[in-house]
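Per numbering that gives the first Met the number 0, the sequence shown starts with residue 0, numbered consecutively. For reference, the structure discussed in these notes is given below.
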Amino acid sequence: MAVAAEGLGGVETLPEFRRQGHMSRLLRQTLLGMAQRVDVAFVSDGIEGVYEKFGFVTAVSEGHLVIPVRNVERAAGGDLGAAVPEARSGSSADLPAMIRLYNTAHAQRPWTHERHPGWNRLIPSTTWKPGSQTLVVRSHDTVVGYAVLAGRAFGDPLVSLTVDELVAADAAAARRLLITIARLGWQMRLSEFRVLEPTDSLVGRVARSMGCVYQERFMPSGGMLAAILNRRELLRKLEPELRRRATAQQSDEAVRRATTGRPAPR
Numbered sequence: 000m001a002v003a004a005e006g007l008g009g010v011e012t013l014p015e016f017r018r019q020g021h022m023s024r025l026l027r028q029t030l031l032g033m034a035q036r037v038d039v040a041f042v043s044d045g046i047e048g049v050y051e052k053f054g055f056v057t058a059v060s061e062g063h064l065v066i067p068v069r070n071v072e073r074a075a076g077g078d079l080g081a082a083v084p085e086a087r088s089g090s091s092a093d094l095p096a097m098i099r100l101y102n103t104a105h106a107q108r109p110w111t112h113e114r115h116p117g118w119n120r121l122i123p124s125t126t127w128k129p130g131s132q133t134l135v136v137r138s139h140d141t142v143v144g145y146a147v148l149a150g151r152a153f154g155d156p157l158v159s160l161t162v163d164e165l166v167a168a169d170a171a172a173a174r175r176l177l178i179t180i181a182r183l184g185w186q187m188r189l190s191e192f193r194v195l196e197p198t199d200s201l202v203g204r205v206a207r208s209m210g211c212v213y214q215e216r217f218m219p220s221g222g223m224l225a226a227i228l229n230r231r232e233l234l235r236k237l238e239p240e241l242r243r244r245a246t247a248q249q250s251d252e253a254v255r256r257a258t259t260g261r262p263a264p265r
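Here's what the structure looks like:
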C-alpha cells in the first residue's frame with residue numbers, strides 16, 4: 000500500500016559555519032514541518048553517521064546477483080570462446096540510448112531517480128585508473144542493452160568481475176550481455192561474476208533462469224534512509240493491511256498443514 004512521504008535533498012552549511020549546530024536546527028525545523036503533512040520522511044543519499052541522530056534508519060537494502068560462469072556457459076550451449084554477435088565496447092555516443100534504456104527499466108522503481116538527457120556519471124579514465132568500461136548490444140543498428148563494468152586500477156589482481164549496471168530492452172539482449180560478461184570472466188579464469196541489479200528486474204529474471212543467487216544486506220549507515228514522524232498515525236493507517244496479511248498468512252499455514260502435515264519452514 001502507498002504511504003505519503005516527503006524527501007530531503009540534504010542539509011549543507013558553509014565550512015566556516017560548521018560545528019555550530021546549524022545543521023541540527025535546520026533538520027529539526029524541517030522535520031517538524033514535514034510531520035504536519037506526512038508520517039514518513041526520507042533522504043535518498045544520507046551522510047554516514049549523521050541522519051541516524053534524527054531518527055532515520057536504513058530503508059533500502061543493497062543486493063547483487065552472483066552468477067556462476069559455468070551456468071551461463073551451459074545456457075550458451077557450452078561455448079564461451081566465440082564473441083557474441085553485435086556486442087561491442089560502448090562510447091559516449093551511446094549515452095543517449097543508455098539513458099533511455101535505464102529510464103524505461105528503472106525510473107519508476109522506488110528510490111530511483113530518472114536520468115536527465117545530459118547525465119554522465121561514468122568514471123573517466125586516468126593514468127592509473129581505466130575508469131568505467133561499457134559494453135553495448137545492438138539490434139538493427141539500435142542499442143538494445145548495455146552494461147557498465149566497475150573499473151579497476153592498473154596492476155590490480157584479477158580476482159573479481161563486477162557489473163555496476165546491466166540494462167536490456169528484452170530478454171534476448173539481456174542474455175547476450177550476460178554471455179558477453181561471462182566470456183570476460185572465463186578469459187579472466189573466474190568462476191563467477193556479480194551484477195548489481197535487482198532480482199525482480201528483467202536482467203534478474205534472465206539470470207535466475209540461467210541459475211544464480213541473490214545476496215542482500217542492509218548498510219549500517221548512510222545511503223537511502225527513512226524516518227517515521229508520526230508513529231501512532233502511521234500504525235493506524237497500516238493496521239487494516241497488516242491484519243489482512245496476517246489473516247492470509249494464517250490461512251496459507253492452515254492449508255499447508257492440512258496438505259503436508261508440516262508447518263512452513265522458518
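Cβ atoms here follow ideal geometry from the backbone N, Cα and C, with glycine treated the same way. Remember, it's a predicted structure, so these values are computed and weren't measured experimentally.
Helix, strand or coil at residue i according to DSSP, with G and I counted as helix
i    : result
D93  : helix
I180 : helix
T111 : coil
T161 : strand
G144 : strand
V68  : helix
Straight-line Cα distance separating residue j from residue i
i    : j    : result
A181 : F41  : 37 Å
A1   : L30  : 20 Å
R69  : G48  : 41 Å
T133 : M218 : 27 Å
L121 : R114 : 13 Å
P239 : D78  : 54 Å
A225 : R231 : 16 Å
I66  : Q19  : 49 Å
Pick from the options that is closest to residue i, judged by C-alpha positions
i    : options                : result
H268 : V136, I98, N70, Q249   : Look at the range of the chain in this structure, 0 to 265, and you will see that residue 268 is not part of it.
V56  : I122, V136, G222, L121 : G222
E5   : G32, M22, S23          : G32
E164 : P197, Q186, P67        : P197
S190 : L160, D169, S200, A167 : L160
G89  : R17, L25, G130         : G130
H63  : R231, V212, R87, A245  : V212
R188 : R216, L195, V158       : V158
L234 : E11, G184, V39, R24    : V39
R216 : P14, S60, Q35          : S60
8 Å contact criterion, which residue i and residue j should meet: CB distance rounded
i    : j    : result
I178 : V37  : At roughly 46 Å, the Cβ-Cβ gap does not stay under 8 Å, so I178 and V37 are not in contact.
V135 : R193 : In fact, because the Cβ distance is near 20 Å, the residues do not count as touching under 8 Å.
L100 : G144 : 7 Å
A167 : S138 : Not confirmed; about 10 Å, so no contact.
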